[in-house]
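Chemist: Numbering (numbering that gives the first Met the number 0), first residue to last: 0 to 587.
No residue lacks a Cβ here, since even glycine has one placed at the ideal position from N, Cα and C.
Once you've had a glance at the structure underneath, I'll fire off some questions.
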Amino acid sequence: MTRNRTRRVTTLVSGGQKDFAVFSQEILQSIHVDAPLASFLRHATHRFLEFFTCDSVEIWVKREDDCLCCKAERRPGKSLTVEIQQRVCRETSIDACTESCRPRVLGASHIALPLVAAGETLGLLQMASREEDFFPPEDQRSCEGLAQTLALALVSRFAHAALRERIKELTCLYQLAQLAETPAITAEQLFGGIADLLPAAWQYPEIAAARIVLDGVVYATANFGKFVHRQSAEIMIGGHPRGSVDVVYREHRTELDEGPFLDEERSLIDAVARQIPVIVQRREAAEEEQRLQEQLRHADRLATIGQLAAGVAHELNEPLGNILAFAQLAEKQPGLPRQAALDLEKIVASSLHAREIIKKLMLFARQMPPQRMLVDLKHVIEQGLAFLESRCAKNNVMLKRRLSRQLPPIPADPAQLNQVLVNLVVNAIQAMPAGGVLKITTSVSNGQAVLVVEDDGVGMKPEVLQRIFIPFFTTKDIHEGTGLGLPVVHGIVTSHGGTIAARSRPGRGTRFEIRLPIHGPDEPVPGQQAGNGGEPQGVGSRFRSKCQRDGKRIPENDSRPRPDGIGEVVSAPVATDANVPDECPKDG
0 MTRNRTRRVT TLVSGGQKDF AVFSQEILQS IHVDAPLASF LRHATHRFLE
50 FFTCDSVEIW VKREDDCLCC KAERRPGKSL TVEIQQRVCR ETSIDACTES
100 CRPRVLGASH IALPLVAAGE TLGLLQMASR EEDFFPPEDQ RSCEGLAQTL
150 ALALVSRFAH AALRERIKEL TCLYQLAQLA ETPAITAEQL FGGIADLLPA
200 AWQYPEIAAA RIVLDGVVYA TANFGKFVHR QSAEIMIGGH PRGSVDVVYR
250 EHRTELDEGP FLDEERSLID AVARQIPVIV QRREAAEEEQ RLQEQLRHAD
300 RLATIGQLAA GVAHELNEPL GNILAFAQLA EKQPGLPRQA ALDLEKIVAS
350 SLHAREIIKK LMLFARQMPP QRMLVDLKHV IEQGLAFLES RCAKNNVMLK
400 RRLSRQLPPI PADPAQLNQV LVNLVVNAIQ AMPAGGVLKI TTSVSNGQAV
450 LVVEDDGVGM KPEVLQRIFI PFFTTKDIHE GTGLGLPVVH GIVTSHGGTI
500 AARSRPGRGT RFEIRLPIHG PDEPVPGQQA GNGGEPQGVG SRFRSKCQRD
550 GKRIPENDSR PRPDGIGEVV SAPVATDANV PDECPKDG
């Protein structure tokens, strides 16, 4: 019985060239089936077992770090079983049987055939039977031919698989690049879109999901959740970890036993993790460029508005000075009716109010240069805060100060610096109607004195923040503000050669940072010290001389209180030498 079976198999293998050719063709055709390597090996071992009618077939395939072994076995009284194992690659496991790269027969019913292609040993084909002399020497050439065919099939499959994965990798990277170049795309659309691209590039896209974590923000595919296998790559930007790219398989499959992820997939996820920092840095650079361009446009607008404000102020100075001077002279006339005296008082008060607005316009337009002297910024701030502490306490505002003792003296107008501080502190208090914390800090940075005024109030929207230095822009109710406080602060700071920057977020507060140049102790101070100069610009000289020549009295500086809490009265009426009236009001 045994001899008959052996002769039948021998005839099939050695003499049945047609069956052998058909089987070889079947092996070669199987390389075109798009299936994982494990599935291919299962099919091959099963077909070898059927073709040779032996009891067991093993196919070993060497990989980089391990070897894959698929075994098909027929046991007495049991159905045929096929199992696949992933084993650590030891040199003796395959090479001991293939060291001479020629077939060897291990016993009468056991044959081992190396799988060799292009001079490289890819693995091993082993077949065994419980019957004696199942593989006679004369059949080895036919078996060797089948082993060579199987080796060629493996090489072709490896090449096809590498090409297929490379195509998927390049397609993914190309789509990623296209997505990154999409104009006006948001971060959520961009990184969420990249996450959506990844599963299709993996070996089993139907069970794959992806997630990108960047700066604590998660962008994930809709099916991302529990998983059994994960592949991850860290996102490094500027040498610092900023997140990760993760691709997972949500369920287990038998095909994953050979290793859940391919080497090509490792390369792809690393490439994506390297590409994301490029995209992030490009977006950050574009945002910075846009911010700088907006700053430049804003500076141009402020310069234009400043020129306009200066022209308007100069044009209003003359008629306003005349109105104020004549009204003050008229007030001195004896026997004025009560109603006329009240009307004149309103005219004077309104003129003083208008004069203060013009003064602020001049400050904004930098038409009133500061009277500089070397000042101790810390001392100026402490003096200013001394008058504001009670107002802070009244409005339940906690005032925290951290004033550096290392600040050198700076060339500045102390009165104007005080005005800057008062404007910023008052605005901060008004931004905290329910109370809060107001921080005042000073420091030295890059050769500049830095003053920071920061509150935790209501904050401002971006569209409001962009307009805060434009004259007459205000979010306050009518009669509560002129919209000149921050423009004046801007004008004072820039006239001192400094810069002012504001940052704000709705509900998170506002931060103003002022930087002023530091004056060396041995360098001369431009201009004269505040309080030691001549008479500030006031009534036009031709108007004064004409009134004196005609024996008319010049009104003294008016220091009466003004409505709307304007502040201190300026030291002289605002007037110029142009268009002075030919006649002066008569005294008495």
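Kindly confirm or deny that the stretch 452 to 467 and the stretch 498 to 516 touch, where touching means at least three C-beta pairs closer than 8 Å.
Modeler: Verdict: yes, contact present.
Chemist: Please classify Ile-166 as buried or exposed, where buried requires at least 16 other C-beta atoms within 10 Å of its C-beta.
Modeler: Looking at its Cβ environment, which holds fewer than 16 other Cβ atoms inside 10 Å, Ile-166 is exposed.
Chemist: Which runs of the beta strand (DSSP E) fall wholly inside the stretch 195 to 223 and span at least 3 residues, in chain order?
Modeler: Segments of the beta strand (DSSP E) lying fully in the stretch 195 to 223: 207 to 213, 216 to 219.
Chemist: To the nearest angstrom, how far is it from the Cα of Glu-286 to the Cα of Gln-280?
Modeler: C-alpha separation (whole angstroms): 10 Å.
Chemist: Pick out whichever of Lys-70, Ile-513, Ala-219, Leu-121 has its Cα sitting closest to the Cα of Gly-496.
Modeler: The option with the nearest alpha carbon to Gly-496 is Ile-513.
Chemist: Exposed or buried, Phe-50, counting other C-beta atoms within 10 Å across all chains shown (16 or more means buried)?
Modeler: So Phe-50 counts as buried.
Chemist: Let me know the secondary structure DSSP gives Ser-128 once reduced to three states.
Modeler: Three-state DSSP puts Ser-128 in coil, outside helix and strand.
Chemist: Report yes if the CB atom of Gly-192 is closer than 8 Å to the CB atom of Asp-214, and no otherwise.
Modeler: For Gly-192 and Asp-214, no; Cβs fall outside 8 Å.
Chemist: Rounded to whole angstroms, how far is the Cβ of Ile-58 from the Cβ of Leu-36, which I believe are closer than 8 Å?
Modeler: Not quite, the Cβ-Cβ distance comes to about 11 Å (not below 8 Å), so this is no contact.
Chemist: Go through its chain and collect everything with a Cβ distance to Leu-515's Cβ below 6 Å, but skip five positions before and after it.
Modeler: Contacts found: Ile-409, Ala-448, His-495, Gly-497.
Chemist: Let me make sure I understand the geometry here. Which of Ser-38, Ala-34, Phe-47 has the alpha-carbon closest to that of Val-21?
Modeler: Of Ser-38, Ala-34, Phe-47, the residue nearest in Cα terms is Phe-47.
Chemist: Measuring alpha carbon to alpha carbon, tell me which residue in Gly-310, Pro-336, Ala-414, Glu-355 is nearest Leu-323.
Modeler: Closest by alpha carbon: Glu-355.
Chemist: Out of curiosity, what's the CA-to-CA distance linking Ile-517 and Arg-404?
Modeler: Cα to Cα, the separation comes out at about 14 Å.
Chemist: Among Ala-208, Leu-485, Val-443, which residue has its Cα nearest to the Cα of Pro-198?
Modeler: It is Ala-208 whose Cα lies nearest to the Cα of Pro-198.
Chemist: Tell me whether Thr-493 sits in a helix, a strand or coil according to DSSP, three-state version.
Modeler: Correct three-state label for Thr-493: helix.
Chemist: Pick out whichever of Asn-417, Asn-394, Ile-110, Ser-155 has its Cα sitting closest to the Cα of Ser-141.
Modeler: Nearest C-alpha to Ser-141: Ile-110.
Chemist: So the candidates are Glu-168, Ser-128, Leu-420, Arg-290; which of them puts its Cα closest to the Cα of Val-379?
Modeler: Cα-wise, what sits closest to Val-379 is Leu-420.
Chemist: With 16 other CB atoms within 10 Å as the buried threshold, where does Gly-238 fall?
Modeler: Flag for Gly-238 reads exposed.
Chemist: Following the continuous beta strand (DSSP E) through Gly-242, name the residue where it begins and the one where it ends.
Modeler: Taken as a continuous stretch (DSSP letters only), the beta strand (DSSP E) holding Gly-242 covers 239 to 248.
Chemist: What first and last residue would you give for the beta strand (DSSP E) that runs through Ala-111?
Modeler: Its beta strand (DSSP E) spans residues 109 to 116.
Chemist: According to DSSP, what are the bridge partners of His-42?
Modeler: Its beta-bridge partners do not exist; DSSP assigns none.
Chemist: Check Arg-62 in the structure and name its three-state DSSP category.
Modeler: It is coil, neither helix nor strand.
Chemist: May I ask you to report which of helix, strand or coil DSSP gives Arg-404?
Modeler: Of the three classes helix, strand and coil, the one that applies to Arg-404 here is coil, per DSSP.
Chemist: Could I get the ranges of all uninterrupted beta strand (DSSP E) runs contained in the stretch 372 to 416, with 3 residues as the minimum, in chain order?
Modeler: Runs of the beta strand (DSSP E) inside the stretch 372 to 416: 372 to 374, 396 to 401, 409 to 411.
Chemist: Alpha carbon to alpha carbon, how far is Ala-186 from Leu-175? Give it in angstroms, no decimals.
Modeler: Distance between the alpha carbons of Leu-175 and Ala-186 is about 13 Å.
Chemist: Does the beta-carbon distance from Ser-266 to Thr-148 come in below 8 Å?
Modeler: Cβ distance not < 8 Å, so Ser-266 and Thr-148 don't count as in contact.
Chemist: Is Ala-183 helix, strand or coil when you go by DSSP?
Modeler: Coil.
Chemist: How many angstroms separate the CA atom of Val-451 from the CA atom of Lys-358?
Modeler: So the alpha carbons of these two residues sit roughly 26 Å apart.
Chemist: Can you tell which of Asp-412, His-352, Leu-307 has the C-alpha that lies nearest to the C-alpha of Pro-470?
Modeler: The option with the nearest alpha carbon to Pro-470 is Leu-307.
Chemist: Which partner residues of Pro-505 appear in the DSSP bridge assignment?
Modeler: Bridge partners of Pro-505: none, in fact.
Chemist: Is the Cβ-Cβ distance between Ala-150 and Leu-189 less than 8 Å?
Modeler: It is not a contact, given that the beta carbons lie outside the stated cut-off.
Chemist: When burial is assigned at 16 or more other CB atoms within 10 Å of the CB, is Arg-334 buried or exposed?
Modeler: The sequence shown places Gly at residue 334, rather than the Arg named in the question. Counting Cβ neighbours within 10 Å, Gly-334 comes out exposed, since fewer than 16 surround it.
Chemist: Could you name the residues that DSSP lists as bridge partners for Ala-500?
Modeler: Per DSSP, Glu-512.
Chemist: Could you have a look at Leu-483 and say whether DSSP puts it in helix, strand or coil?
Modeler: Here Leu-483 sits in coil by DSSP.
Chemist: Would you mind stating whether Leu-172 and Ala-270 have Cβ atoms separated by less than 8 Å?
Modeler: Their beta carbons are under 8 Å apart, which means Leu-172 touches Ala-270 by this criterion.
Chemist: In the DSSP assignment, find the unbroken alpha helix (DSSP H) run with Leu-450 in it and report its ends.
Modeler: Note, Leu-450: premise wrong, no alpha helix (DSSP H); beta strand (DSSP E) at 447 to 454.
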